[in-house]
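Protein chains in written order, with the working numbering: chain U, 39 to 339; chain D, 39 to 339. Below is one structure; the comments refer to it alone.
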């Protein structure tokens, strides 16, 4: 990436989540010129302070950008301004059309809405992931498939003909954190231990058993009690159990194209877990966010 | 119950768990003369301090009892003295034979071992519940059936011909506490709200869906977000989801006799959840512990 802060560029792309704020300046052709990340998620922004935080973090870039486009929790009720959810099935055009301009902003800022859906009688929502999904479609050329975004609340979105038909969220990252830090397992689990592939895949395989996560989590305790699972391998085994429980619930079928989008470490684990289920996948990182925001910015004016 | 502290009686029965200490003085015929409970679980006992705490709590009774029999976590490695697990299948006689006398005690104290088993390639353990199970067999006359002990780590034990064949633990109570107090659900959940039967059974029914607890827990969040589940009903719904996930994993079949043993409030919820699954059950409380310890005391010498 070349630093060329003196040259104007068309897009300042912002992904503003609950716990982090990331931005990139992006050229007309979609090239990411530079990116930055800060621990200034919306929970760390005082009421009425969004524009000030944006300028503090990206003021220099903002002056030179034609557009500023924001995705993520900044568009939630607790964020900068609420951008109401776009209901599924939803394509790129519906999402672009429902962007919300921030009134009274010093320079124009548009916020991308999240998606909502109703599946098997349950509502579901995402904010920020929709941009990554549409970005992944751009990058992979896939218009049909499963787009999986691992995280605190993982998302499994089903796309057909370039439209998100529906999706399901799983409280996987949050439950892993609770079990590893606050449950009886925390007493023996070593959070500093390196990732252990064998223990992880053992956990994924165990999670296929119908007795369920509540039983298997206790089983992890019993395994350590009997010296059959080392404290240094417990974190990886538990990660396999929880991600495995998510996969068991999401039940992807072999043959469906699966695209994993997220951090390298996390998508690598999911790819491995999917392998145990006999499902192939491909992986994307932050480039999906920037590709999605860039594509949306082309319809901005 | 009549208080008759001046009359000698044969058994001081003690159930010493992780977070509580309960005791009863029991007549030769098994009648519970009096009982007491204290928040002095083994985690609140300093090293080497078990006899002092016992005397502090039950010293008056101890002087008059012929025997003192202790079940629960007091027999664990972190407890008073380790009483090694009795492996399943195990009947009443094996359990009685494996009691461990505390060496050097001021007056004789015997500790009942827990049970261990191996099921579907996973080890499992219980301490304290085995006494309740054998007590429940005495009280109900059932030698075959499922004995279910709801709690922090619920137990489902399968008995045949008066012997525990095997069992499975579920981290249900602990996961409910983590989700209701520390997850994103804690932000809206009202822990003071009264139990709501309709929300609870709705959660139990939802838990039968194959997508699993990780999805349904997020679904609870989405339901409140869309105003379709009131904050005052969230705790009951979540309780239904988690207990329902346990039932889904334990998969009891209609026709098997099911005995629920535990607190009135908790066994009532499980009975209701089992009803949703079309499974009838009967309920027992603390009397199962005292009946079990009394029966075991008869073989003490």
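Glycine included, each C-beta is placed from N, C-alpha and C at the ideal position.
Counting only the Cα atoms, residue 201 of chain U lies some 11 Å from residue 180 of chain U.
The beta carbon of residue 228 of chain D sits closer than 8 Å to the beta carbons of 269, 270, 272 and 273 from its chain, once the five residues preceding and following it are set aside; these are given in chain order. The beta carbons of residue 161 of chain D and residue 264 of chain U sit closer together than 7 Å. Beta-bridge annotation (DSSP): residue 186 of chain U is paired with U:194 and U:298.
At least 7 Å separates the CB of residue 235 of chain U from every CB of chain D.
Residue environment analysis places residue 291 of chain U among the exposed positions, since fewer than 16 neighbouring C-beta atoms fall within 10 angstroms of its C-beta. Cβ proximity to chain D below 7 Å picks out 191, 206, 207, 208, 209, 210, 212 and 213 from the region 182-215 of chain U.
Between the C-alpha atoms of residue 299 of chain D and residue 331 of chain U there is a straight-line separation of about 57 Å. When secondary structure is reduced to three states using DSSP, residue 283 of chain D falls in the helix class. Taking 7 Å as the cut-off between beta carbons, none of the residues of the region 108-132 of chain D comes near chain U. Residue pairing by DSSP places residue 105 of chain D opposite D:49 in a beta bridge. Interface annotation, residue 163 of chain D: in contact with chain U, CB-CB separation under 7 Å. Going by beta carbons, residue 49 of chain U and residue 64 of chain U fall inside the 7 Å limit.
At the C-beta level, residue 311 of chain D and residue 213 of chain D stay beyond 7 Å of one another. Residue state for residue 270 of chain U is assigned as helix, using DSSP reduced to three classes.
Here residue 266 of chain U is exposed. Its C-beta has fewer than 16 other C-beta atoms within 10 Å. For residue 170 of chain D, the enclosing alpha helix (DSSP H) has its first and last residue at 167-178. Assigned with DSSP and collapsed to three states, residue 227 of chain U falls in coil, not helix or strand. By the criterion of a C-beta distance shorter than 6 Å, residue 117 of chain D is surrounded in its chain by 80 and 111, once the five residues flanking it on both sides are discounted. Under the Cβ criterion of 7 Å, residue 156 of chain D is not counted among the residues facing chain U.
Under the DSSP assignment, residue 61 of chain U falls in the beta strand (DSSP E) whose first and last residues are 59-64. Distances from the CA of residue 207 of chain D to each of U:166, U:254 and U:235 were compared; the closest alpha carbon is that of U:254. By the C-beta density criterion, residue 294 of chain D is exposed, having fewer than 16 other C-beta atoms within 10 angstroms. If you draw a 10 Å sphere on the C-beta of residue 219 of chain D, you find fewer than 16 other C-beta atoms in it, and that means exposed. The beta-carbon of residue 265 of chain D is placed no less than 7 Å from the nearest beta-carbon of chain U. Contact annotation: residue 327 of chain D and residue 169 of chain D have beta-carbon atoms nearer than 7 Å. The continuous alpha helix (DSSP H) containing residue 335 of chain U extends over residues 325-335. Under the three-state reduction of DSSP, residue 118 of chain D is assigned to coil, being neither helix nor strand. Spatial neighbours of residue 239 of chain D in its own chain (CB-CB distance under 7 Å, excluding positions within 5 residues in sequence) are listed in chain order as 278, 310 and 314. Taking 8 Å as the cut-off between beta carbons, the residues of the region 284-298 of chain D near chain U are 284, 286, 287, 288 and 289, in sequence order. Our two residues, residue 151 of chain D and residue 323 of chain D, have alpha carbons roughly 21 Å apart in a direct line. Among the CB atoms of chain U, one or more fall inside 7 Å of the CB of residue 257 of chain D. Across the region 236-253 of chain D, CB contacts with chain U closer than 8 Å involve 244, 247, 248, 249, 250, 251, 252 and 253, in sequence order along the chain. If the five residues before and after residue 176 of chain U are omitted, its C-beta is found closer than 8 Å to the C-beta atoms of 329, 330 and 333, all from its own chain and listed in chain order. DSSP links residue 260 of chain U through a beta bridge to no other residue. Contact annotation: in the region 302-314 of chain D, no residue has its CB less than 7 Å from a CB in chain U.
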